[in-house]
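First the structure, in the form of structure tokens, and then the observations on it.
In our numbering, the protein residues as written are 10 to 407.
See below:
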């Protein structure tokens, strides 16, 4: 049996819901009762034909394609998967039946041979089938016992995934969200099978290895989302592969880093440039001034000075607007912005010379939204308004 066929035997409806959604899975079952899917196998690809629609199923299943206009996992792909699962099950059942018949026949032949060697008449197999049946039952029980003692290979692979691999599979944003989710929510249940199922309050995650084969019933995405990351971390925590302390250390946000050498190189030139603007005056600014400010903004960005980047770009826009005589740009506002940039540069230089922490002055480039508890708002007042464009509305204060 091919790897694809073997994997299809391990998935269930929850896995298919994670690929698409519950409605598509239900509709696929109904349509499969009316339509026939013609299957052909080409190596590790199963091709299906449903009327004029053709599908190609491969691993990971999210990479499967369909000739219909749908841009994601459609009902035709799900129907092909279900048909392939059904055909694989029937083939496996036939193979098991043939294997059982061969085993019984082999035991009967051995019994007859032993009696012939002992010099006694062999008992016909159709007259006394009990010994072969008992032997077959015993072998089956021993085989089941051995299978029970064997570890789940999928579980072993998932437990062997390192934190670095998990962080690499998930985007930085998803990793941080998963760590926060793990602190707030514990899994309702973790069940082991051919795939590992982690059930949360809002979603069901089917974990598989490689990680790209995992599915989430909430995101329906082929990426390793926060819920898949949360599920894998929960599994490793339960099996004590990972500890709360290790996760807390890994979950700490890395501090912003600054290129101190580039900062020392950039600040003096920027300070001189801003001083020249202040000395010359707004009315005599060069047409190249906005571009000069943009160049310094780029250097500030490379140095990691997020606040200064925003201030310089805003100042560049104001200078350009002043030179274009835009009515919204006033000299007072331009001078205020210019003085603010100059003051930040001086403060940064002083902090660098004294070896102080730059986090308060440099700022951060990215900030993320975090979940907060439910807010209880109390209305304090309301007023009506009408805009210059004639739009009327109400403003409520809480």
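By construction, the Cβ of each residue, glycine as well, lies at the ideal position given by its N, Cα and C atoms.
(message) What would DSSP say about residue 373, mapped onto helix, strand or coil?
(response) In the three-state DSSP reduction, residue 373 falls in the coil class, being neither helix nor strand.
(message) Could you pull the DSSP bridge partners for residue 96 from this structure?
(response) Looking at the DSSP assignment, residue 96 forms no beta bridge with any residue, so it has no partner.
(request) Note down the Cα distance separating residue 96 from residue 251, rounded to an integer number of angstroms. (result) Answer to the nearest angstrom: the Cα atoms are 40 Å apart.
(message) So for residue 49, helix, strand or coil by DSSP?
(response) Three-state DSSP puts residue 49 in a strand.
(request) Enumerate in chain order the residues of its own chain whose CB-to-CB distance from residue 243 is below 8 Å, with the five nearest sequence positions on each side excluded. (result) Hits under 8 Å: 191, 195, 196, 199, 207.
(request) List the residues that DSSP assigns as beta-bridge partners of residue 216. (result) Beta bridge pairing from DSSP links residue 216 with 205.
(request) Between the Cα of residue 306 and those of 37, 290, 293, 280, spot the shortest distance and give me the residue it belongs to. (result) Considering only 37, 290, 293, 280, the residue with the shortest C-alpha distance to residue 306 is 280.
(request) Would you kindly work out how many angstroms separate the C-alpha atoms of residue 49 and residue 57, rounded to a whole number? (result) Annotation: residue 49 to residue 57 spans about 7 Å, alpha carbon to alpha carbon.
(request) Per DSSP, which residues does residue 406 bridge with? Please list them. (result) In DSSP, residue 406 forms a bridge with 390.
(message) Contact between the region 333-342 and the region 297-316 is defined here as three or more beta-carbon pairs at a separation below 8 Å; is this criterion met?
(response) As far as the Cβ criterion goes, the region 333-342 does not touch the region 297-316, which means the pair count is below three.
(request) Ignoring anything shorter than 3 residues or poking outside the region 233-293, list the beta strand (DSSP E) runs there in chain order. (result) Fully enclosed beta strand (DSSP E) runs of 3 or longer: not present.
(message) Could you check whether the region 70-81 touches the region 34-41, counting it as contact only if at least three pairs of C-beta atoms, one from each stretch, sit closer than 8 Å?
(response) Flag = no, the region 70-81 and the region 34-41 do not touch.
(message) Please report the straight-line C-alpha distance between residue 162 and residue 46, rounded to a whole angstrom.
(response) If you draw a straight line from the Cα of residue 162 to the Cα of residue 46, it comes to about 32 Å.
(message) I'd like to check one pair, residue 241 with residue 167: are the Cβ atoms closer than 8 Å?
(response) Annotated as proximal: residue 167 and residue 241, with beta-carbon spacing under 8 Å.
(request) Give the secondary structure of residue 82 by DSSP, where H, G and I count as helix, E and B as strand, and everything else as coil. (result) Here residue 82 sits in coil by DSSP.
(request) Select from 24, 286, 353, 66 the residue whose C-alpha is nearest the C-alpha of residue 212. (result) Residue 212 has its Cα closest to that of 24, out of 24, 286, 353, 66.
(message) Mapping the DSSP letters down to three states, classify residue 336 as helix, strand or coil.
(response) In the displayed model, residue 336 falls within coil according to three-state DSSP, outside both helix and strand.
(request) Take residue 176 as the anchor and find which of 30, 370, 354, 232 has the nearest alpha-carbon. (result) Taking each of 30, 370, 354, 232 in turn and checking the Cα distance to residue 176, the smallest one comes out for 232.
(request) Could you say which of 360, 389, 346 lies nearest to residue 286 if we only look at CA atoms? (result) Distances from the CA of residue 286 to each of 360, 389, 346 were compared; the closest alpha carbon is that of 346.
(message) To the nearest angstrom, how far is the alpha carbon of residue 284 from that of residue 363?
(response) Residue 284 and residue 363: Cα-Cα distance of roughly 23 Å.
(message) With distance defined between alpha-carbon atoms, name the residue in 193, 221, 204 nearest to residue 210.
(response) The closest CA to that of residue 210, considering only 193, 221, 204, is found on 193.
(request) Just the C-alpha distance for residue 291 and residue 273, rounded to the nearest angstrom, thanks. (result) Residue 291 and residue 273 have their alpha carbons spaced roughly 28 Å apart.
(request) Give the secondary structure of residue 395 by DSSP, where H, G and I count as helix, E and B as strand, and everything else as coil. (result) Strand at residue 395.
(message) According to DSSP, residue 199 sits in a beta bridge with which residue or residues?
(response) Beta-bridge partners assigned by DSSP to residue 199: 207.
(request) Determine, using beta-carbon pairs with one atom in the region 398-405 and one in the region 337-352, whether at least three such pairs fall under 8 Å. (result) Verdict: no, contact absent.
(request) Within its chain, find whatever has a CB closer than 6 Å to the CB of residue 406; leave out the 5 residues flanking it on each side and keep chain order. (result) Within its own chain, the residues whose Cβ lies closer than 6 Å to the Cβ of residue 406, once the five positions on either side in sequence are excluded, are 389, 390, listed in chain order.
(request) Would you mind working out which of 81, 98, 70 sits nearest residue 18, comparing C-alpha positions? (result) Its Cα nearest to that of residue 18, the residue 98 stands out among 81, 98, 70.
(message) For residue 352 and residue 328, what's the separation of their Cα atoms in angstroms?
(response) Each residue's Cα considered, the two are about 18 Å apart.
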